[in-house]
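So the mapping is simple: the numbering used here equals the position in the sequence shown, first residue as 1, plus 3. Remarks on the structure that follows.
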Amino acid sequence: MARVYNFSAGPSMLPESVLRKAADEMLDYQGSGQSVMEMSHRSKVYDGIIKEAEALLREVMNIPDNYKVLFLQGGASSQFAAIPLNLSSKSGKADYVITGQWAKKAYKEGSRYCNANVVASSEDKTFSYIPKLDKSTFTPDADYFYICMNNTIYGTVYHELPDTGDVPLVADISSCILSRPMDVSKFGILYAGAQKNMAPAGLTIVIVREDLIGHAQDICPTMFNYQIHADNGSMFNTPPCYTIYIAKLVLEWIKNEVGGLDKMYELNVKKAKLLYDFLDSSEMFKGTVVPEDRSLMNVPFVTGNDELDAKFVKAATEAGFVNIKGHRSVGGMRASIYNAMPYEGVEKLVAFMKKFEEENK
Ligand SMILES: *Cc1c(COP(=O)(O)O)cnc(C)c1O
Numbered sequence: 004m005a006r007v008y009n010f011s012a013g014p015s016m017l018p019e020s021v022l023r024k025a026a027d028e029m030l031d032y033q034g035s036g037q038s039v040m041e042m043s044h045r046s047k048v049y050d051g052i053i054k055e056a057e058a059l060l061r062e063v064m065n066i067p068d069n070y071k072v073l074f075l076q077g078g079a080s081s082q083f084a085a086i087p088l089n090l091s092s093k094s095g096k097a098d099y100v101i102t103g104q105w106a107k108k109a110y111k112e113g114s115r116y117c118n119a120n121v122v123a124s125s126e127d128k129t130f131s132y133i134p135k136l137d138k139s140t141f142t143p144d145a146d147y148f149y150i151c152m153n154n155t156i157y158g159t160v161y162h163e164l165p166d167t168g169d170v171p172l173v174a175d176i177s178s179c180i181l182s183r184p185m186d187v188s189k190f191g192i193l194y195a196g197a198q199k200n201m202a203p204a205g206l207t208i209v210i211v212r213e214d215l216i217g218h219a220q221d222i223c224p225t226m227f228n229y230q231i232h233a234d235n236g237s238m239f240n241t242p243p244c245y246t247i248y249i250a251k252l253v254l255e256w257i258k259n260e261v262g263g264l265d266k267m268y269e270l271n272v273k274k275a276k277l278l279y280d281f282l283d284s285s286e287m288f289k290g291t292v293v294p295e296d297r298s299l300m301n302v303p304f305v306t307g308n309d310e311l312d313a314k315f316v317k318a319a320t321e322a323g324f325v326n327i328k329g330h331r332s333v334g335g336m337r338a339s340i341y342n343a344m345p346y347e348g349v350e351k352l353v354a355f356m357k358k359f360e361e362e363n364k
């Protein structure tokens, strides 16, 4: 059986060695006589799995001790409400930068639970850049400042963080978690749906500074309250057990096979460069993002001709490069090249694009 190169924005590829390990352990996890899917989340053996997953995440991401790691459900989208419900109980104000659909959705949902203010937006140019921020426009007493770090649909990323002073910076890192080293101490909250770069769907990671826990609004539902989950070690109710187990395998892969996040970053830079260099030299294919804000993870591109785009997507799919159609709001193509996409996958895609260009001049 041949595996395809899956360029989906999410759920996306997982490392093959992780899938093999999961297959090996499917029927009998380390002599327990059962699959991780079947075991009680309160069992000793499962307790070992979730503790190890957290320890690995802390080690790989270098998470300081004054941050809690929560394993939640509800997807990144649930955090759009959870963040104001947990943080916005002081001034009731929050600042948002609108850099795409996910940031916009977070802002809209946030507006239901706090006084949400738009500091800047790049909607005027289909979110093809990260707006320059002027600190004098920030709300000085905001309860938090919100950004979407990597914009999955549009292919932009912040290369420089906004200077928010004492206002906690909250970042959605769903599509760039574990793609590079990050200074966690610069953030109040980092959170991510796991299905882009970490595990299958069903798990949401929240990394939250301890002093931001315990101030939830009265109306905050119990299941959205960070305090409840922090006090119960993410076991207030049944966690997404199997997904956490796969996340553990992915973290082991990053640590032991890749060699940590510095190495992961090197690899991601090398992969993205190959594709961007080709886009910059091609007469047919063009990247849609300003060069200085380009994402390492999501690479949108177009030919400028809808029919040719459609022809390319069809030919690519037939050749085993799947899910490369762009988001409907940008059109064209998008290659999501997350951690698990091998270098060889991008190499083959570029070779395919060159050939397509030759044949369709
Ligand atoms: C995919 C994505 C989301 C939505 O995640 P869900 O887990 O489906 O709710 C939010 N933000 C970003 C940046 C994403 O890429």
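The beta carbon of each residue, even a glycine, is placed where N, CA and C say it ideally should be. This one's a predicted model, so the numbers in the text were calculated from it and none came from an experiment.
Whole angstroms is fine: what's the gap from residue i's alpha carbon to residue j's?
i	j	result
Val72	Glu57	7 Å
Glu19	Asp166	39 Å
Asn9	Met267	19 Å
Ala84	Gln230	15 Å
Met29	Ser38	5 Å
Ala202	Pro224	26 Å
Ala318	Met300	23 Å
Asp280	Gly335	18 Å
Ala322	Leu254	31 Å
Thr291	Gly34	51 Å
Asp283	His330	21 Å
Tyr248	Ala197	12 Å
Ser182	Tyr341	7 Å
Leu136	Ala123	7 Å
Asn200	Leu22	14 Å
Met152	Ile180	10 Å
Ala343	Asp175	20 Å
Asn271	Asp221	43 Å
Gly113	Ile86	8 Å
Met40	Gly78	20 Å
Glu350	His232	43 Å
Asp309	Ala204	32 Å
Phe304	Glu126	18 Å
Ile192	Val325	34 Å
Phe190	Phe288	37 Å
Pro184	Tyr161	14 Å
Gly217	Lys274	42 Å
Ala106	Pro143	21 Å
Ile150	Ala119	13 Å
Gly262	Ile327	29 Å
Met16	Leu352	15 Å
Trp256	Asp31	21 Å
Leu277	Gly348	11 Å
Lys314	Glu269	33 Å
Gly103	Gly36	47 Å
Asn240	Lys128	43 Å
Tyr245	Glu260	22 Å
How should residue i be labelled, buried or exposed, when 16 other C-beta atoms within 10 angstroms of its C-beta is the threshold for buried?
i	result
Gly168	exposed
Ser139	exposed
Ser43	exposed
Pro67	exposed
Lys93	exposed
Asp296	buried
Lys47	exposed
Arg45	exposed
Arg6	exposed
Gly307	exposed
Tyr346	exposed
Ala26	exposed
Gly51	exposed
Ala354	exposed
Ser178	buried
Asn228	buried
Asp312	buried
For residue i and residue j, which I take to be in contact (beta-carbon distance under 8 Å), what is that distance rounded to the nearest angstrom?
i	j	result
Glu360	Ser285	6 Å
Tyr110	Val121	7 Å
Ala219	Ile208	Actually they are not in contact, since the Cβ atoms of Ala219 and Ile208 sit about 19 Å apart, beyond 8 Å.
Thr159	Ser298	6 Å
Asp98	Phe141	6 Å
Pro75	Ser237	In the sequence under discussion, the amino acid at residue 75 is Leu, which differs from the Pro named in the question. With 8 Å as the limit, Leu75 and Ser237 qualify as a contact, their Cβ atoms being about 7 Å apart.
Val63	Leu206	Contact flag wrong, Cβ pair sits at about 16 Å.
Leu59	Lys251	6 Å
Val211	Tyr116	At roughly 17 Å, the Cβ-Cβ gap does not stay under 8 Å, so Val211 and Tyr116 are not in contact.
Val369	Tyr147	Because the chain in this structure spans residues 4 to 364, residue 369 falls outside the shown range and cannot be described.
Pro2	Ile53	One cannot answer for residue 2 here, as it falls past the ends of the chain, which runs 4 to 364.
Arg337	Val302	7 Å
Ala145	Lys96	5 Å
Fill in: Neighbourhood of ligand 1 [Cβ distance below 6 Å to any heavy atom], ordered by chain position
Gly13, Gly78, Ala79, Ser80, Trp105, Cys151, Thr155, Asp175, Ser177, Ser178, Gly196 and Lys199
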